[in-house]
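To start, the structure itself, in structure tokens.
Residue numbers (the working numbering), protein chains in the order written: chain P, 1 to 308; chain R, 1 to 308; chain F, 1 to 308; chain B, 1 to 308.
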């Protein structure tokens, strides 16, 4: 089987300051579907297109940010093997029992060198996208708002991105796809990694602030949907950080904006497909503006400094 | 590593009736780049975006059609293992030496139950896409004509598609993504298989005519490029079979047309991403029109009957 | 003032076989908004974007087809002058009083040489598009289904298209934009006329069947909306005649389909802008396929023969 | 005839600092076609789609900026009448003889209250778009670079925009389409005027710097072309001021950038159609950010201050 191991970003738990305001935002503006609430008050969402029970979990808290990042893996054997590999590599793991997250099987949790909390799982109830598997048609029903296709990836920040890169590439089977080198021409300032044929499933940026998140990202259908997303954000008074624009890195087209708690999110589309016979792209420090914002070729302060 | 085994369709050798007329067509209308000619007179092409030396090889012959279909695999170990697995499964293999195709390493060839000739290889000279791997920018240079991104997949016909499905799924690691069931509700009339995260890397259709090809397919960037491709075809008197349209199967948007030799080709974009936790879609016989041509929900005779 | 005289197609009264079924279709699939019903049972609709009270009026009848075609003119002085000009040209007119159509001022009605019933009016209540005129924003609210921007034009059939052309160009100030010549190279088989900067506001086709309609046409925002319209039609079991495709004539991109009564409608976008320093385009009879269906360059029988 | 009087922006003469560098830019990056050079060294360009001999004239000078703005009118009678109307309104006019600009008939020149030099003309040699008027097809040949459809409009600055508005609406037949009111709720800070069915053919902004230009604007085919234009600019080291983005005013989607002399230009598409039964849109001062840059709802200093 060609697709094995870690499949994709599966879920993440986002801290929000006002739960009901955030539920409204993610329901009505982002257009996610609420699929459940658990005993601890967490609210579960999926996109209209996603088949699994949830991808975004909201937890009310005093500070914004992300509690943990979950990847779905192929099956139980993969989960068990990856846990053994992690332990062998020297990373402590924790097993969380099935049911700790709604409709989700057991999870293997670990902390990466950048101090982010990751978890692997292979079981989550398939609630479907409303089309079924027999004569499905093409239009996923009940779309509203921005209506992304899926939770796609995260960009997260921390000090030891070399350590996290080694862990993800050596143990979890990720590939390095793009990198920005620092002024010394040696140090990786940011890296884009994939576990699939996407240009990125996760990105790490070197930052003194360990265990922080720059953005969670949602995939859209087309550049026209990127425009409609920007229009929808503005019509709903969502604060747009930057965009629409194209990235040099990944070649995706995108918008960045903030949820009501100040968590940055991305709605993007496009980007090339990754195959493992490709070499990683390298961007030099003098071209970092072009790498990030291909059109203006200049970064803005807010994009560089705000993380949660 | 998450992407392993068979990576993707890598090349195919197409028979054309008039070589120079076909070279003009694939150069000027399709917008492929000629990368070489070998001692036997074959002409090699790649798309502007492809990095490997070639994906389409033209051979002049008395009849149109496809000589063989090549998949790139991850590395030598994969090639050797897949050859062993084929032999163990009872499929005879043949090793073709490096250099038999220009800039291409050794290939392992075998015949599938549908009588098509397949081959696996892992080495082909990377000639690049003109952007390089350092500060690449985003616009692949030297695009003209239809300018597809890549050779994407093939739809091929033969009697024993059950046999080919078993071979591809059990030995080569492909996954079944979609299927059309016959009137009996049991027989697979057509199957779509992937070795990656694409909705299909190859499709087999049940047909009395063994070792025939319905179309080779090229990926485009967007639905607007599909329109431009149709405009470009018409401006160049290319005979369009059908389209632009959307498929029910794979949800891609597409045009079918014929090259000067009568080989059908597709230029398409879109379609969902495949993950192995997805169940295969099944289309029933009464919905076959919707499955193939989602908008008109009716097949045309030419689409059903012409193969080469 | 640069835009004067006849402004645009303003409304038309369509005969439908089953009123409530048609109301459902035009409301839910086409996405028009019902704005009123009158004492005679007629149902009035506007698109979300249109500001005037209505553009499509449905009347239940035993046969499908169009009762009359209304153009909005600039003001009362224009209406009075055009009536005088019609009379002077030898065309009888009839004044219909304000209120005969809901929220509509007096209308001047006449019959063209092709036996179609036309009317001119200048007053209709502005109900708005929901954005208002102060800080309007950009997203017209309450869009659903196909959600066209406006009723755009009609293609209508009759014997004496030369007579109708003369009437529209000499009296009503329309310009000839495109024409298809017959086999003799002389006779106009079809003509496209504009009263504005559009490539067409009305088209006449030579046909033995006087006072028939080929289609009423709705404008969409983009080629991607054309695709979504086709998807929406199929998902709602609307019978698509042909498309998506591009026209040679006008260069618009389009779909043709049928409403539940068998009235053909078009949902299209694009086409060049007309300026009166442009010469009319002429298509010769041997290129009629290319003129109509630019991609396939061949007409289908149904498109040629079905009118209501 | 419904389209009469002033038809559209027809040409403008742009001052550039280095003629050959500018010729290269407008030829290779913008993708205009050079159509002639005159005895005084001026270089004439048209877009691929434009039929008239030229729309942009480059003149080498010590300062950037625009020498004059020309509108094409319907015919000689219109030219003569508008000259009489200007004189009667108290505006001095000057007749420039045919041939003063290459392939152009006589022009009537006048200075508007904002001190910009305007001219009207009705004759210019039609060199065509390469498609002809018989069986034209749809793809305009020889497109390269950004390849706009046409010179579309200008935004120009000066003190007495009330005076210029009165002149354009009362004498030249333009209509007011949108306006931004100042903090007092009374003063027009900027106005958008049309002489056709476009959302704007010219815009005036209140500014102490008389006879200055904010940008000249080129129309593109689609939002996807806006993206490609931005990509093309960046690949050619063109300095992008802002965009891609959507305007609140006109609802167009756009990019602003600078030519090698520092003249700002716009490449845009979209926007609603104007009809004279529409009321003007008013934007209040507190929504000026939304009016101009709909997504970020905030202006940038450079956009506000740089004119040439």
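From the three backbone atoms N, C-alpha and C, an ideal C-beta is built for every residue, glycine too.
For residue 178 (chain B), no Cβ of chain P is located within less than 9 Å of the residue's own Cβ. Chain F has a Cβ within less than 9 Å of the Cβ of residue 232 (chain P). Residues of chain F whose Cβ lies closer than 7 Å to the Cβ of residue 74 (chain B) are, in chain order, 276.
At least one beta carbon of chain R lies nearer than 9 Å to the beta carbon of residue 222 (chain P). The beta-bridge partner set that DSSP reports for residue 223 (chain R) is empty. A distance below 8 Å between beta-carbons, with the five flanking residues on each side excluded, links residue 130 (chain R) to the following residues of its chain, in chain order: 48, 140, 141, 142.
Contact annotation: in the segment 130 to 143 of chain B, residues whose CB is within less than 8 Å of a CB in chain F are 133, 134, 135, 136, 137, 138. Per the coordinates, the alpha-carbon of residue 114 (chain R) lies some 26 Å from the alpha-carbon of residue 44 (chain R). DSSP places residue 294 (chain P) in the coil class of the three-state scheme, outside both helix and strand. Taking a cut-off of 8 Å for Cβ pairs, the segment 239 to 255 of chain P and the segment 195 to 202 of chain P touch, as three or more such pairs fall below it. Listed in chain order, the beta strand (DSSP E) elements of length 3 or more contained wholly in the segment 86 to 168 of chain P are 94 to 96, 107 to 111, 117 to 121, 150 to 158.
Under the criterion of beta carbons closer than 8 Å, residue 308 (chain R) and residue 41 (chain R) do not qualify as touching, at roughly 20 Å. Beta-carbon to beta-carbon, residue 270 (chain F) and residue 223 (chain F) are separated by about 7 Å, close enough to satisfy the 8 Å threshold. Looking at the DSSP output, residue 65 (chain B) shares a beta bridge with B:15. The beta strand (DSSP E) runs lying completely inside the segment 219 to 268 of chain P and spanning 3 residues or more are 240 to 246, 252 to 258, given in chain order. Scanning R:99, R:100, R:82 for the CA closest to the CA of residue 93 (chain R) turns up R:82. Excluding its 5 nearest sequence neighbours in each direction, residue 169 (chain R) has C-beta neighbours in its own chain below 8 Å: 175, 176, 193, listed in chain order.
When DSSP reads this structure, residue 215 (chain P) sits in a beta bridge with P:155.
Taking CB atoms only, residue 235 (chain P) has a neighbour in chain F less than 9 Å away. For residue 304 (chain F), the enclosing alpha helix (DSSP H) begins and ends at 301 to 305. Under DSSP, residue 185 (chain F) shares a beta bridge with no residue. With respect to chain R, the C-beta atom of residue 7 (chain P) has a partner C-beta closer than 9 Å.
Interface annotation, residue 279 (chain R): in contact with chain P, CB-CB separation under 9 Å. For residue 52 (chain B), the three-state secondary structure derived from DSSP is strand.
Non-local beta-carbon contacts of residue 25 (chain B) in its own chain, meaning distances under 7 Å to residues more than five positions away in sequence, involve 259, 260 in chain order.
Taken atom to atom, the span from the alpha-carbon of residue 14 (chain F) to that of residue 68 (chain F) is near 8 Å. Under the three-state reduction of DSSP output, residue 175 (chain B) falls in the strand class.
When the beta-carbon positions are compared, residue 30 (chain P) and residue 145 (chain P) come within less than 9 Å of each other. Residue 272 (chain F) places its beta carbon 9 Å or farther from that of residue 137 (chain B).
Listed along chain R, no residue sits closer than 7 Å to residue 154 (chain P) by beta-carbon distance, the nearest being about 17 Å off. Nearest neighbour of residue 183 (chain P) by Cα position, chosen from P:284, P:53, P:289, P:70, turns out to be P:284. Here the segment 52 to 60 of chain P lies against the segment 108 to 126 of chain P, with 3 or more beta-carbon pairs under 8 Å apart. Not flagged as an interface residue toward chain B: residue 260 (chain P), since no C-beta distance is shorter than 9 Å. Residue burial is scored here from C-beta neighbours: residue 76 (chain B) has fewer than 16 other C-beta atoms within 10 angstroms and is therefore classed as exposed. Taking CB atoms only, residue 243 (chain R) has a neighbour in chain F less than 9 Å away. The beta carbon of residue 181 (chain F) sits closer than 8 Å to the beta carbons of 187, 188, 189, 282, 283, 284, 285 from its chain, once the five residues preceding and following it are set aside; these are given in chain order.
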